[in-house]
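**Q**
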Amino acid sequence: MRNVFLIGPMGAGKSTIGRLLAKELKYPFKDSDREIEVRTGADIPWIFDVEGEEGFRQREEAMIAELVHEDGIVLATGGGVVMRPANRAALKSGGLVVYLRTSVEQQLQRTAKDRQRPLLQTADPEAVLRDLMAKRDPLYREIADLIIETDQRGPKVVVNAILAKLQEA
Numbered sequence: 003m004r005n006v007f008l009i010g011p012m013g014a015g016k017s018t019i020g021r022l023l024a025k026e027l028k029y030p031f032k033d034s035d036r037e038i039e040v041r042t043g044a045d046i047p048w049i050f051d052v053e054g055e056e057g058f059r060q061r062e063e064a065m066i067a068e069l070v071h072e073d074g075i076v077l078a079t080g081g082g083v084v085m086r087p088a089n090r091a092a093l094k095s096g097g098l099v100v101y102l103r104t105s106v107e108q109q110l111q112r113t114a115k116d117r118q119r120p121l122l123q124t125a126d127p128e129a130v131l132r133d134l135m136a137k138r139d140p141l142y143r144e145i146a147d148l149i150i151e152t153d154q155r156g157p158k159v160v161v162n163a164i165l166a167k168l169q170e171a
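Note that my numbering gives residue 145 to position 143 of the sequence shown, counting from 1, and the numbers run on in steps of one.
1) Check whether the Cβ atoms of Gly10 and Tyr142 sit closer than 8 Å, and answer yes or no.
2) Just to confirm my understanding: we take Met135, look at its own chain, exclude 5 residues before and 5 after, and list those with CB closer than 7 Å. What are they?
3) Tell me, which residues are paired with Phe7 by DSSP?
4) Taking DSSP's pairing of strands, which residues face Lys94 in a bridge?
5) Curious, which full-length alpha helix (DSSP H) runs of at least 4 residues does the stretch 136-170 contain?
6) Determine the DSSP secondary structure at Asp33, reduced to helix, strand or coil.
7) Residues in the same chain with beta-carbon distance under 7 Å from Gly80, minus the five sequence neighbours each way, listed in chain order, please.
8) Once the 5 residues before and after Thr104 are set aside, which same chain residues still bring their CB inside 7 Å of it?
9) What does the alpha-carbon distance come out to for the pair Val40 and Gly96?
10) Secondary structure at Gln123, three-state DSSP: helix, strand or coil?
11) Spatial neighbours of Arg4 within its chain, please: C-beta separation below 8 Å, excluding the five flanking residues on both sides.
Below is the structure:
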C-alpha cells in the first residue's frame, strides 16, 4: 500500500480532506500535529510558547521521520513541514505527496476565528500568510506529485479530484 501525504498552508483543508480521503481509500488517517500533541500531552500553541518554533520543528521532524515509515496511511502535515530539508526528503520518498493549494484570501476566511494557530496571533495575519506563502509555495511545489486547488471547492469535491488523479497514476 502507498502512503498519501497532504501538504499545504494552514487553512487548505488538509485535516478535513485527509479524513475523507482516508475513509474513501480505507486507510488510517494521521495528522502530524495531533500525533505530536498526543505524544507530548501538550497542544501546539503551548509547545510554541514554551519551546518556540524551533522546538516545535524539532518535534515535527522526528514525528515525520516516524510516520513516513508506516504503510498505507493518509497523513495531514502541518503547513511548515516543508521548511526542513529532512522533512521534504522523507515525505518525497515515503509516499505520494499531494499539495492542497489555496489562496491567502481563502486561508484568511478559513482561519479567521481559529486561536490554535500560533503564527497568526498577530495584528496582521494577512501579512504573515502572504510571507509564509512566498517562502513555502516553492517548497510545496518542489516535492508535490499532485497539486490540487482547494479554493471555493468543498472537501468532497477535492477528495474526488484526488481520487481521480490516483486512478490515473
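Note that beta-carbon positions come from the ideal geometry of N, C-alpha and C, so glycine has one too.
**A** In this structure, then:
1) yes
2) Pro11 and Val106
3) According to DSSP, Phe7 bridges with Leu77 and Val99.
4) Looking at the DSSP assignment, Lys94 forms no beta bridge with any residue, so it has no partner.
5) 157-170
6) strand
7) Closer than 7 Å at Cβ, skipping near neighbours: Ser34, Asp35 and Glu62.
8) Gly10, Pro11, Gly13, Ala14, Thr152 and Asp153
9) Distance between the alpha carbons of Val40 and Gly96 is about 23 Å.
10) coil
11) Non-local C-beta neighbours of Arg4 in its own chain, meaning closer than 8 Å and more than five positions away in sequence, comprise Gly74, Gly97 and Leu98, ordered along the chain.
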